[in-house]
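Chains as they are written, first to last, in my numbering: chain L, -6 to 298; chain C, -6 to 298.
Written out below as C-alpha cells is the structure these notes cover.
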C-alpha cells in the first residue's frame, strides 16, 4: 500500500469509526423505547463501557464500504454496522470473563467484569447481543422487511453455534486437546472469520445486491477474515522471535496451535500475499468504487498491532 | 377450575409440550445448516441439556393457543414457540451460573455449568439466544418477512435491557438495596412478565391479528405474567408459614421483597382473583375458542408447585 493510499484508508476508517461511535452512543443513551419497561442504569453503563471503548471499528467499516458498492442507504448501513459492533463487543465481554480468558484489561481499560462485576458483565453481554437484533429488525432501519429478516438470519448464523460462539467453544477445547490443521482452520473460520464474512455480506444485503454479488462479498469477507487471523498469528510468532525471552508469544505459551506456528513465518507471509490477491481479485468487478475495501484487505494483512 | 376443565387443560398442555419438545429436539439435533461451518458437539450437548429438561413449556403453550385464536399456521406457531423456549432456557442457564444465583440443580438435574463447566454454560446460553432469532427469521418459519421481522423485534425488546435481562439486573440490585413497591412491580414486569407478555402477543403476530387484538393479547399476557409471579410469591410465603422453621422461604431468606410479603397473603389472594377476572375479560371477544387460554390463566394463578 503506498503512503497516499494508506493515508486515504486510515482517514476513511477514522471517519467511519466516528459515525459508528455516534450511532452507538445515541442507541445506548436512548431512554426506554415504547415497547420497553425500563432500562436499568447500571446495566446500560456496563454496556456503554463494553462498546464505547475506542475500537478501530473494522467490522462496521466493512459493512459501510460493502454497502456503498451497491449505493445502499447510508443510515440503514450505519445501523446494521452498529448492530454488528454490538455483537462483536458482547463477544469480547463474555470472552474476558474469569471462566473464559480471564482478562482484566482491554485497550488499557478494566474489562467490564472488573469495572462492574461478573454478573453485570454476563448480563451486559446478553443485552448487547439482544440489542443487535433489535436494531436490525426495527423499522427505523429503513429497509424492507425482507432485507431486515435476511440480515437477522445471516447475523444469527454467523454469531451462533455454527459460527462465532461455536468457534469460541472449539477454542476452549483446543486448550485441552491440540487440534490438527483442519481443526485449526475450522476454529478460526468460525471464531473470527464468520463475523468478518457477515460484515461484508451484510453490506450487500443492505444494498439489495443480487445473490451472486452477495456471495462474492461474503467470499471477500472470508478471505480477509483468514488474512486477519494469519496476520495476528504471524505477529505473535515474529514478535516472539525478535524479542527472545519476553513473554509476548501468548498463544504459543497457552499451547495454542496456529497455522503460522505450524508452517513457519515464511509460509504465513506467502499465504497472506495469496489471500490479499484473492480478496482484491474478488473486488475487480466494482472498479474504483472498491478502492477503500481493497485497502482494508491490505491493512488487515499488514497490521502490526 | 372444574375437575373436567382442569383435565382438559392439562391434556392440552401435555400435547403442546410434546410437540414443542419434538420441534426443539429436531432443531438441536440438526446437522450444521448451509450457512454454518460446524456445530461443536460439546456445545450442542450443553444446549440440549439446558433445553430438553422436561419443562412444562407454558410459554410455548401460550404462543400456540394465542396463535390458534387467529387461525394461524400451526407449524409457524410451533417454530416461534420453540424459539421463545430457547430464550427462556438460555436465561435459566445464565441465571444458574455461580456469578448469578449459583444453583447446582434444576428440575432435579445438574445445571448446565455443573454438568459441563462454566465457560460452556455461558456459551450454550449465548448460542441459544442467538438460535432463537435464527429460528424466527428463517424462511422455514412460513410467515411473511413482515411478520418475521415484527416477531424478532418484539422478542428482542421483551428479552433485552428494557425487558427480561434488565429485570435480572434489577433483581441483582434488589439484593443490595431493597426496592420500594413501585420498584418491585417494575422488576417483576421485566424479569418474568415481559417474556410471558411476548408469548401471547407473538401468537397474535403469527396469526396476523389486527393491532387491537395484538394489544389485547399482550395485555392478557401481562395479566397472567403478574398472576404467575404473585402465585409464586404467595406459595413461598404460605409454604413458610405452614412449615415453620423449614428453610423454604427462599426469597424472604435472601432478603428479597415481594408484593405478597409486603401486603400479606389475603391481599395477594384478592389480587390474584382480580388478575384472573381481568385476564378472562380480555378474552371475552374470542368466545369458546379461548377456553384453553382462560384455563391457562386459572392454572397459572392456582399452581402450587
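Where a beta carbon is used, it is the ideal one built from N, C-alpha and C, also for glycine.
These numbers come from a predicted model, not from an experiment.
Residue 15(C) is classed as exposed because its beta carbon has fewer than 16 other beta carbons within 10 Å across all chains shown. In the structure shown, the three-state DSSP call for residue 103(C) is strand. In this structure, the CA atom of residue 224(L) is about 19 Å from the CA atom of residue 100(L). Here residue 170(L) is exposed, its C-beta having fewer than 16 other C-beta atoms within 10 Å. Excluding five sequence positions before and after residue 213(L), the CB atoms of its chain that fall closer than 7 Å to its own CB belong to 193, 272, 275 and 276, given in chain order.
Annotation: residue 46(L) is outside any alpha helix (DSSP H) and is labelled neither H nor E by DSSP. In the pairwise beta carbon analysis, the stretch 36 to 45 of chain L is classified as not touching the stretch 90 to 97 of chain L: fewer than three pairs are separated by under 8 Å. An exposed status is given to residue 255(L), since fewer than 16 other beta-carbon atoms sit within 10 Å of its beta-carbon.
Counting along the chain, the unbroken alpha helix (DSSP H) around residue 20(L) starts and ends at -4 to 22. Closer than 9 Å to the CB of residue 115(L) there is at least one CB belonging to chain C.
Within 10 angstroms of the beta-carbon of residue 58(L) lie 16 or more other beta-carbons, which makes it buried.
Here residue 98(C) is bridged, per DSSP, to 103(C). Sequence-distant partners of residue 285(L) (beyond 5 residues in either direction) whose C-beta falls short of 7 Å from its own C-beta, in its chain, are 2, 5 and 58. Residues of the stretch 79 to 99 of chain L with a C-beta atom less than 7 Å from some C-beta of chain C are 87, 90, 92 and 93, listed in chain order. Just measuring C-alpha positions, the residue of 13(L), 76(L) and 33(L) sitting nearest residue 191(L) is 76(L). Scanning 182(L), 83(L), 111(L) and 23(L) for the CA closest to the CA of residue 123(L) turns up 83(L).
Ranked by Cα distance from residue 18(L), the options 63(L), -4(L) and 47(L) are led by 47(L). The straight-line gap separating the alpha-carbon atoms of residue 287(L) and residue 12(L) is approximately 21 Å. Using a Cβ-Cβ cut-off of 9 Å, residue 105(C) is close to nothing in chain L; its nearest Cβ partner there is about 12 Å away.
In this structure, the CA atom of residue 226(L) is about 43 Å from the CA atom of residue 139(C). Taking one beta carbon from each stretch, the stretch 144 to 157 of chain C and the stretch 179 to 188 of chain C have 3 or more pairs nearer than 8 Å; the two touch.
Contact between residue 146(L) and residue 130(C) is confirmed by a C-beta separation of about 4 Å, below the 8 Å threshold. Per DSSP, the unbroken alpha helix (DSSP H) holding residue 88(L) starts and ends at 67 to 88. Interface flag for residue 77(C) against chain L is unset, since no Cβ pair is found closer than 9 Å. Residue 118(C): member of the alpha helix (DSSP H) spanning 111 to 130, first to last residue. For residue 161(C), the uninterrupted alpha helix (DSSP H) segment begins and ends at 157 to 169. The CB of residue 166(C) comes closer than 8 Å to the CB of 33 and 35 in chain L, given here in chain order.
Across the structure, residue 161(L) and residue 265(C) are spaced so that their CA atoms are roughly 45 Å apart. In this structure the stretch 191 to 210 of chain C lies against the stretch 51 to 68 of chain C, because at least three pairs of beta carbons, one per stretch, are closer than 8 Å.
Ranked by Cα distance from residue 208(L), the first of 105(L), 218(L) and 195(L) is 195(L).
Straight through space, the alpha carbons of residue 203(L) and residue 109(C) are spaced by roughly 44 Å.
Where residue 136(C) is concerned, there is no enclosing alpha helix (DSSP H), because DSSP gives it neither an H nor an E.
Close to residue 145(C), with beta-carbon spacing below 7 Å, are these residues of chain L in chain order: 126, 130 and 145. In the structure shown, the three-state DSSP call for residue 32(C) is coil.
If you compare the alpha carbons of 68(C), 179(C), 158(C) and 74(C) with that of residue 135(C), the shortest gap goes to 68(C).
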